[in-house]
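Scroll down for the structure; my scribbles are underneath it.
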Amino acid sequence: MSEILVVGSLAYDSIETPSGKVERALGGSANYFSLAASLFSKVRVVGVVGEDYDQNHYDLLHARGVDLAGLSRVEGKTFHWAGSYEGDLNEAKTLKTELNVFEHFNPNLPEHFKDSSFVFLANIAPELQLQVLEQVKEPKFVGMDTMNFWISIKKDKLIEVLKKVNLVLINEGEAKMLTGAENAISAAPMITEMGPDAVVIKRGEYGFALYTKAEGFFILPAMPIPKVIDPTGAGDTFAGGFFGYLAAQKTIPTISSLKHACIMGSIMASHTIQDFSVTALSKVTMSDVEVRLAGYRKVIAL
Ligand code: AMP
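Note that the sequence shown ends on residue 911 in our numbering; no numbers are left out.
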């Protein structure tokens, strides 16, 4: 099994959905990613939190065997994101992004993180994604995510990161925003022209589209979930399931393992959306995954 290094946000989220609202609940791309990936593989986290970060929230990752040596705690407040969903649960409306301690974060990787084979640059400032990647000696497989916030204010830096990764995971709206394309199908090849060999476009309840330069499209629906409580973190959870699965394989990623990884990402994300924050995700066991996978196989079988 190979280790996965992830850099991303550790956050407190204030969220409103048609099912209710939460104030300053645990969130952040690195948290969702790590909780999902650690079910399959060893995870190392790089990030920063403030003095208000709760000990229980360290413990949650620690209990899953996540290596927190790259997580700094500094003076100030933890990253805070506020968002709401109205009508369309596939699209979050950002109400507030308070970078707080991330504003002056200068990641310095612990020595033993530098040999990581898998690297995931989760949603965070593109210059931080670059800074982390530059410190990893010989990564075998690098993936990244981003969001509209960074596309609108740091597009040039983001394009620099895109040139250095093997794969991009991005949601449909952001793929269209990044490329100017009208739909996911035309956006995907345009993204691979920017650098990566593969792209996964996440389409909320409609599933995902994997596109590789070598073999073109592989498209499937999501696991049908009748009641979505809070879709926040679904994308990061997808990425965690995806990378966790890939890093647990004995070979470097192939087209076939990328396809299976997408399915594992979907299965993990289908749990996250069933409650606010990381509540549902943090309880998921391997046997829950197997049960849902069996249900999903029926959905997609001929
Ligand atoms: P998603 O998987 O796309 O729903 O991601 C949701 C998570 O992204 C939330 O828990 C937020 O804390 C985090 N987030 C929101 N905006 C940003 C941002 N600009 N940079 C990094 N993380 C963010």
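Glycine is no exception: its CB is placed at the ideal position from the N, C-alpha and C atoms.
By the 10 Å Cβ neighbour count, where 16 or more other Cβ atoms means buried, how is residue i classified, buried or exposed?
{"i": "Met756", "result": "buried"}
{"i": "Lys811", "result": "buried"}
{"i": "Ile861", "result": "exposed"}
{"i": "His671", "result": "exposed"}
{"i": "Ala848", "result": "buried"}
{"i": "Pro833", "result": "exposed"}
{"i": "Asp661", "result": "exposed"}
{"i": "Phe826", "result": "exposed"}
{"i": "Arg653", "result": "buried"}
{"i": "Glu781", "result": "buried"}
Grab the span of the beta strand (DSSP E) containing residue i for me, first residue to last.
{"i": "Phe847", "result": "Taken as a continuous stretch (DSSP letters only), Phe847 belongs to no beta strand (DSSP E), being part of the alpha helix (DSSP H) at Ala843 to Ala856."}
{"i": "Val631", "result": "Gly629 to Gly636"}
{"i": "Asp765", "result": "From DSSP, Asp765 is part of no beta strand (DSSP E) but of the alpha helix (DSSP H) over Lys764 to Leu771."}
{"i": "Lys686", "result": "Run containing Lys686: none; DSSP gives neither H nor E here."}
{"i": "Thr703", "result": "Lys702 to Glu707"}
{"i": "Gly825", "result": "Gly825 to Leu829"}
{"i": "Ile733", "result": "Counting along the chain, Ile733 falls outside any beta strand (DSSP E), and DSSP gives it neither H nor E."}
{"i": "Lys651", "result": "Lys651 to Val658"}
If you follow the alpha helix (DSSP H) that residue i is in, where does it begin and where does it stop?
{"i": "Ser866", "result": "Ile864 to Thr881"}
{"i": "Thr788", "result": "Glu781 to Thr788"}
{"i": "Glu747", "result": "Taken as a continuous stretch (DSSP letters only), Glu747 belongs to no alpha helix (DSSP H), as it is neither H nor E."}
{"i": "Thr801", "result": "Ala793 to Glu802"}
{"i": "Leu902", "result": "Met895 to Ile909"}
{"i": "Ile861", "result": "Run containing Ile861: none; DSSP gives neither H nor E here."}
{"i": "Asp668", "result": "Gln664 to His671"}
{"i": "Val809", "result": "Not the alpha helix (DSSP H): Val809 falls in the beta strand (DSSP E), residues Ala807 to Lys811."}
When the distance is taken between beta carbons, is residue j closer than 8 angstroms to residue i?
{"i": "Ala843", "j": "Ala818", "result": "no"}
{"i": "Ala620", "j": "Phe688", "result": "yes"}
{"i": "Ala596", "j": "Ser623", "result": "Summary: the structure shown does not reach residue 596, with the chain confined to residues 610 through 911, and so no result is reported for it."}
{"i": "Gly692", "j": "Asn709", "result": "no"}
{"i": "Leu890", "j": "Tyr641", "result": "yes"}
{"i": "Phe722", "j": "Leu855", "result": "no"}
{"i": "Pro716", "j": "Val655", "result": "yes"}
{"i": "Val741", "j": "Val777", "result": "no"}
{"i": "Val837", "j": "Leu698", "result": "yes"}
{"i": "Ile613", "j": "Ser725", "result": "yes"}
{"i": "Leu635", "j": "Ser886", "result": "yes"}
Can you check which of these residues, the options, is closest to residue i by C-alpha distance?
{"i": "Lys772", "options": "Met786, Gly636 and Glu743", "result": "Glu743"}
{"i": "Leu648", "options": "Val710, Tyr820 and Phe852", "result": "Phe852"}
{"i": "Gly696", "options": "Asp839, Lys907, Ile876 and His880", "result": "Asp839"}
{"i": "Ala870", "options": "Lys630, Val657, Gly752 and Glu707", "result": "Gly752"}
{"i": "Lys763", "options": "Ile779, Pro748, Glu736 and Ser795", "result": "Glu736"}
{"i": "Glu712", "options": "Gly659, Lys702 and Asp754", "result": "Gly659"}
{"i": "Phe758", "options": "Thr894, Glu769, Leu787 and Glu632", "result": "Leu787"}
{"i": "Lys892", "options": "Arg673, Trp690 and Tyr694", "result": "Arg673"}
{"i": "Pro835", "options": "Asp884, Asn732 and Val675", "result": "Asp884"}
Quick check: the Cα distance between residue i and residue j, rounded to an integer number of angstroms?
{"i": "Met873", "j": "Phe714", "result": "32 angstroms"}
{"i": "Ser865", "j": "Lys651", "result": "22 angstroms"}
{"i": "Ser643", "j": "Leu669", "result": "10 angstroms"}
{"i": "Lys746", "j": "Asn775", "result": "16 angstroms"}
{"i": "Val683", "j": "Gly816", "result": "38 angstroms"}
{"i": "Gly813", "j": "Leu718", "result": "33 angstroms"}
{"i": "Ala793", "j": "Lys785", "result": "7 angstroms"}
{"i": "Lys630", "j": "Ile876", "result": "24 angstroms"}
{"i": "Val657", "j": "Lys859", "result": "32 angstroms"}
{"i": "Thr841", "j": "Ser761", "result": "20 angstroms"}
{"i": "Asp897", "j": "Pro798", "result": "35 angstroms"}
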